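Chemist:
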Amino acid sequence: MSENYSASLFQTPGQIDTAESLDTQRLRSLRVLLLTLSVIVPAIVLALWWRGGATGIALVAAGLWLSSVLMLWLSHTRLSHRVPLLMIVVVLTAGIAGVIADGSVRSAGVLVIMAAVIGAGTYLNQRAMIGSALVAVTSLGLLNFAQQENWMHPSRLPGDWALWLTQTAVMGCLLVIVYYGRTRLEAAFEAQQRTLQHWERVALALQESEARFMGMFRNNPAATLVQRVDTRAVLEVNEAFVQMMGYSRERLIGQAPPSMWADEAQQAAFRQQLTTQGRVHNLAARGLRANGEAFDCVVFAEFVQAGNDPLVITMLLDVSAEVAARQALKRSEERFSKAFNFSPLGMTITRTSDGLFLEVNPANERVLGYSREDFMARTSMAAGVWLSETDRNAYIDALSRQGRLLGYETRMRNKQGEAVDVKIWSELIELENEPCNLAFTLNVSEEKRKAALLMRVAKGVSAQTGEAFFQSLVQQLAQAVGAHGAVVAETRPEGGLTSLALACQGTSDLDATLNLNGSPLTRTLSSPGLWFTQLSPDEVRTLCPDPDAYPLRSFAGVAMRDDDGTAVGLLGVFWLENTEPTADTQALITIFASRCNAELLRLHRDRDLHKLQTTLEQRVADRTAELELLNRELDTFAYSVSHDLKSPLRSIDGFMHLLQEQAAPRFTTDDQMLISRVMASAQRMHGLINDLLALARVSQTQLQRTDVNLSEIAEDVIRQERHRDPEHAVDVSIQPGLIAHCDARLAQIVLENLLGNAWKYSRKTPQPRIEFGSMPTQPGEMPVFFVRDNGAGFDMSRSDRLFKPFTRLHQPSEFQGSGIGLATVRRILERHGGHIAGEGAVGRGAVFQFLFGHAT
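Position one of the sequence shown corresponds to residue 64 (my numbering), numbered consecutively onward.
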């Protein structure tokens, strides 16, 4: 299809039309000419016959007419391609014969000769046309020479209508020939026009095709390289090639490329295949990048012809990721195969629709007793695995809903026909577009039996504590492991073991003291785990006063230890015959020992706690008395120091005032500034001492709790603040009817400090607002009060310093204060059994929540 399209693309419309219709047009024109001759020539023959009888020229005309009829018939046969040449020969002959018969080169026969030449130029090829012209010229030359030599005798026929008819016939034939020539010329011209338009379209199509080709070439994701075959010089590379190989275009264009093959043998195979087959398709190879990195690729190459230049186009596809993925898949399949076949769990892959086994691992024989041959090519129902179709349908329904099942519990039938408990872990998968499920099956019948046993044991000992617990435990343990006796013993501080519980063939002795010397129990205490031994007669005597009554043969024991690893007791089991505990027996003994160890440690902690409780109350009372004495002494010391500091501070302040009054005229400006700073410091120290005394008095004062109206106290505090600072306009909101059970005088101090701070720290706020109220609480809960302002606020990262004495979160130049107010508030609230907390943000205000607590 592409070859036909290419052929039609490069064949001009003139060529297409001419190739299809030239012979037909020529044959049609020839038939018209012959038909004209067949019609006109008889008239000429009759005219010549009428005029002169059977003259030579009349016979020539008659021969021309017969020849025309014959050639008209031949044009409808397979010899039609011979008719043009035959017609030119006949007409040329008739013309020469007519000139000879007329005896003059000025006769109408010359016109016939000329018509023959014109016809030859129209209907014959170049060679035949030249030959006809040469014959005509030569004939006319010879005829002129014959007339000059008087070898011909001109006829004396006058020029009449017969001659006119002959000339008319010749002109008609010439008209047909000329018309056909003109038609061919016009057709040729139109064909040339169409050809020109066609080539313009072809050129445009070629430009578009080249643009598309270059676009596809440059944007082709496959790395593409175009080279000359003779010099191997690179003509073009696309961006994918540059990116893949790491070479720049400047390094490649116009030069032979560097070696890009990691394996020379692969390069030789590539060249051999390209040379012998002319193309390379899907050749797996190892490429070599500019940085020396080898990678997996697939190579395609083919020879192409661009004009006279043979080229080779090579394309590379980087399949490193695909190769790595295939290798990873292969490794994954190998790992899956190993995991599947060597898994200790029974694994199967079954078709979901009918339960047909597709794959079975060997572990199924250990799980249910079935071999791989028992399952393969059979459905699960046919193999007899499920107890009923209902059980399988329930399993499939659950799997379909959830997509996977984890620990699905059901019952199946083993190969011996017994119903066993199993757990199934399964997931829906798809194999060859068929929904299947991968299942792991675990036989849990034994585990359930053990769990039931442990449950019975747990129920048997759960209701007991202390010594009753140990006695129940040893009885349950002996029964669980099939032993003839069991013992729980506790180590004594002075050495030896004291039996907490003993069960042996239905007898018990809770007060028995066991001697460690020479007994197997000694090695049990030093063993890190379960210790087992076959008892010798001497060892039996160390354990039992009457070895004949209790012929012990085997012993297994576990040491019980404290958190630091010290042995605090042991749990032992006895058998009257030589036996060796199985793994299940060892596990049961270990489980019982763990529970027994916990109970024994709890018993020790109860004993220690009881001893501690007998002395704890006295120690608490003594410590409380010491702390109260220390607090009183500390408050007394703080009060005394603060009180004693007032006297020298008053002296300093008085002397500074006296000095300022008497020596003021002699002071310089700097002296006056120093005197002022000393007096201000004295005033600040006076305030600190007063605050410290107030804090000490808070700790010393006896609480007098009554129901106090905090709303009224808050209004008094705000009135005092407005009187002291009338220029500070503050919007204050006080919730009415706030009642607290507290000391009224100390509550006054709390609100003075909190509301005073809110007033002070909102001084620089454009529209200051203070709010005092209570938080919503549930019935029966203590009321929580709050003081909120929109003032300066504070940084929450420093909130831990809020309630420490003499600690401030703002500079003294910003706001005055001693830093003792909030510490005093907290001390008062703590004395009431309450607490206080504050939240704030810089520039966005603060809120303090507090409660007084219950009376103690």
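Where is the CB? At the ideal position from N, CA and C, for every residue including glycine.
None of the values given here were measured: they were computed from a predicted structure.
1. Are residue 468 and residue 488 close, meaning C-beta to C-beta below 8 Å?
2. Just the Cα atoms here: how many angstroms apart are residue 866 and residue 885?
3. Kindly indicate which three-state DSSP category residue 399 falls into: helix, strand or coil?
4. May I ask you to report which of helix, strand or coil DSSP gives residue 158?
5. So the beta strand (DSSP E) residue 345 belongs to, where does it begin and stop?
6. Determine the burial state of residue 342: buried for a count of at least 16 other Cβ atoms within 10 Å of its Cβ, exposed for fewer.
7. Per DSSP, what are the beta-bridge partners of residue 291 in this structure?
8. In its own chain, which residues sit with a C-beta less than 6 Å from the C-beta of residue 94, not counting the 5 before and 5 after it?
9. Could you tell me which residues DSSP pairs with residue 796 in its beta bridges?
10. Do residue 128 and residue 105 come within 8 Å of each other at the CB atom, strictly closer than that value?
11. Please state the DSSP three-state secondary structure of residue 552.
12. Since residue 633 and residue 587 are thought to touch, with beta carbons under 8 Å apart, how far apart are those beta carbons, to the nearest angstrom?
13. Can you say whether residue 393 is buried or exposed, counting buried as having 16 or more other CB atoms within 10 angstroms of its CB?
14. Let me check one thing: in DSSP terms, what residues is residue 471 bridge-paired to?
15. Assuming residue 154 and residue 179 form a contact by the criterion Cβ under 8 Å, report the distance between their Cβ atoms to the nearest whole angstrom.
16. CA-CA distance, residue 420 and residue 635?
17. Count Cβ pairs between the segment 499-507 and the segment 428-438 that sit closer than 8 Å; are there 3 or more?
18. List the endpoints of the continuous beta strand (DSSP E) containing residue 496.
19. Just to confirm before moving on: does the CB-CB distance between residue 908 and residue 854 stay below 8 Å?
20. Can you find at least 3 beta carbon pairs, one from the segment 736-743 and one from the segment 717-724, that sit closer than 8 Å?
21. Buried or exposed for residue 92, please, with buried defined as at least 16 other CB atoms from any protein chain shown within 10 angstroms of its CB.
22. If you draw a straight line from the C-alpha of residue 856 to the C-alpha of residue 905, how long is it?
23. Closer than 8 Å is the cut-off here; do at least three beta carbon pairs connect the segment 258-272 with the segment 334-341?
24. Under a Cβ-count criterion, where at least 16 other Cβ atoms within 10 Å of its own Cβ denotes burial, should residue 207 be classed as buried or exposed?
25. Classify residue 409 as helix, strand or coil using the three-state DSSP reduction.
26. Which of the three DSSP states, helix, strand or coil, is assigned to residue 299?
27. Taking all protein chains shown into account, decide if residue 195 is buried (16 or more other Cβ within 10 angstroms of its Cβ) or exposed.
28. Whole angstroms is fine: what's the gap from residue 591's alpha carbon to residue 645's?
29. With the cut-off set at 8 Å, would you say residue 801 and residue 849 are in Cβ contact?
30. Suppose contacts are defined by Cβ-Cβ distances below 8 Å. Is residue 175 in contact with residue 157 by that definition?
31. In three-state terms, what does DSSP make of residue 506?
32. Quick one: grab the DSSP three-state call for residue 356.
33. Per the contact definition of three or more C-beta pairs closer than 8 Å, is the segment 344-359 in contact with the segment 306-316?
34. Decide if the segment 441-455 is in contact with the segment 536-547; the criterion is three or more beta carbon pairs, one per stretch, under 8 Å apart.
35. According to DSSP, simplified to helix, strand and coil, what is residue 848?
36. Exposed or buried, residue 164, counting other C-beta atoms within 10 Å across all chains shown (16 or more means buried)?
Modeler: This is what the structure gives:
1. Pairing residue 468 with residue 488 gives a Cβ-Cβ distance under 8 Å.
2. C-alpha separation (whole angstroms): 5 Å.
3. It is helical.
4. In the displayed model, residue 158 falls within a helix according to three-state DSSP.
5. From DSSP, the beta strand (DSSP E) with residue 345 extends over 342-351.
6. So residue 342 counts as exposed.
7. For residue 291, which the question treats as bridged, DSSP gives the partners 374.
8. By the criterion of a C-beta distance shorter than 6 Å, residue 94 is surrounded in its chain by 138, once the five residues flanking it on both sides are discounted.
9. Answer is 834.
10. Going by C-beta atoms, residue 105 is nearer than 8 Å to residue 128.
11. Strand.
12. That belief holds up - the Cβ atoms of residue 633 and residue 587 are roughly 5 Å apart, short of 8 Å.
13. Residue 393 comes out exposed.
14. Looking at the DSSP assignment, residue 471 forms a beta bridge with 487.
15. Contact holds; Cβ gap of about 4 Å.
16. Their Cα atoms are separated by approximately 50 Å.
17. In this structure the segment 499-507 lies against the segment 428-438, because at least three pairs of beta carbons, one per stretch, are closer than 8 Å.
18. Membership of residue 496 in any beta strand (DSSP E) is not indicated, and neither H nor E is assigned to it by DSSP.
19. Their beta carbons are under 8 Å apart, which means residue 908 touches residue 854 by this criterion.
20. Yes: the two stretches touch, three or more of their Cβ pairs being nearer than 8 Å.
21. With 16 or more other Cβ atoms within 10 Å, it is buried.
22. Their backbone Cα atoms lie some 5 Å apart in a straight line.
23. With fewer than three CB-CB distances shorter than 8 Å, the segment 258-272 does not count as touching the segment 334-341.
24. Label assigned to residue 207: exposed.
25. Secondary structure of residue 409 (DSSP, three-state): strand.
26. Looking at residue 299 - three-state DSSP - the assignment turns out to be strand.
27. With 16 or more other Cβ atoms within 10 Å, it is buried.
28. Cα to Cα, residue 591 sits roughly 19 Å from residue 645.
29. At least 8 Å separates the beta-carbon of residue 801 from that of residue 849.
30. Between residue 175 and residue 157, the CB-CB gap stays under 8 Å.
31. DSSP places residue 506 in strand when its eight states are reduced to three.
32. Here residue 356 carries a coil assignment [DSSP, helix/strand/coil].
33. Three or more Cβ pairs drawn from the segment 306-316 and the segment 344-359 lie within less than 8 Å of each other, which places the two stretches in contact.
34. The segment 536-547 and the segment 441-455 do not touch, with fewer than three beta-carbon pairs separated by less than 8 Å.
35. Strand at residue 848.
36. Using a 10 angstroms sphere on the CB of residue 164, the tally of other CB atoms reaches 16 or more, which defines it as buried.
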